[in-house]
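Report on the following structure.
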Amino acid sequence: CLPLPGLHPSLCPGVQPAVTISPTKDDPLSPRTLLLCTMATSFYPREIKVQWLKNGQEVTEGVFYGEELQNGDWTYESQVMLENTTQHGDVYTSQVEHASLEVPLTHRQKYLI
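Residues 618 to 730 in this note's numbering are what the sequence shown spells out, letter by letter.
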């Protein structure tokens, strides 16, 4: 359910986030340092949980959370970044939990050096 202009989104059960994952840093001086960004956009309600996994294990060190920003249409967006030292074959997963989702959204990226 997408809110109509002038209609408060609380009348909808929820708007699922659109999620993208992208590498944002390619530093030739530190080729093993990786900076990844997860963008969750156009979701409602505001509460959302985004976490990073490395090879299936939650990563808490080097995780940076941006502000949850309100868009002009009652939806929100959020950015979570991960800076980590990587090795050949490491698999990074962004996992997003939100009230509008029955199961968490996951996006994986394998890093080859």
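Virtual Cβ for every residue (Gly too), placed ideally from N, Cα, C.
It should be emphasised that the depicted structure is a prediction, and the values quoted were computed from it without experimental measurement.
Contact set for Y693: own chain, Cβ-Cβ below 7 Å, skip 5 residues either direction: F660, Y661, R663, E685, L686 and Q687
Beta-carbon spacing of S711, I638 below 9 Å: yes
Strand pairing of V680, partner residues [DSSP]: L699
Pairwise C-alpha distance: L651 and G689: 33 Å
Residue from V676, T658, P634 and K666 with nearest C-alpha to V708: V676
Span of the beta strand (DSSP E), counted from its first residue to its last, around Y579: Beyond the ends of the chain as shown, which are 618 and 730, falls residue 579; an answer cannot be given.
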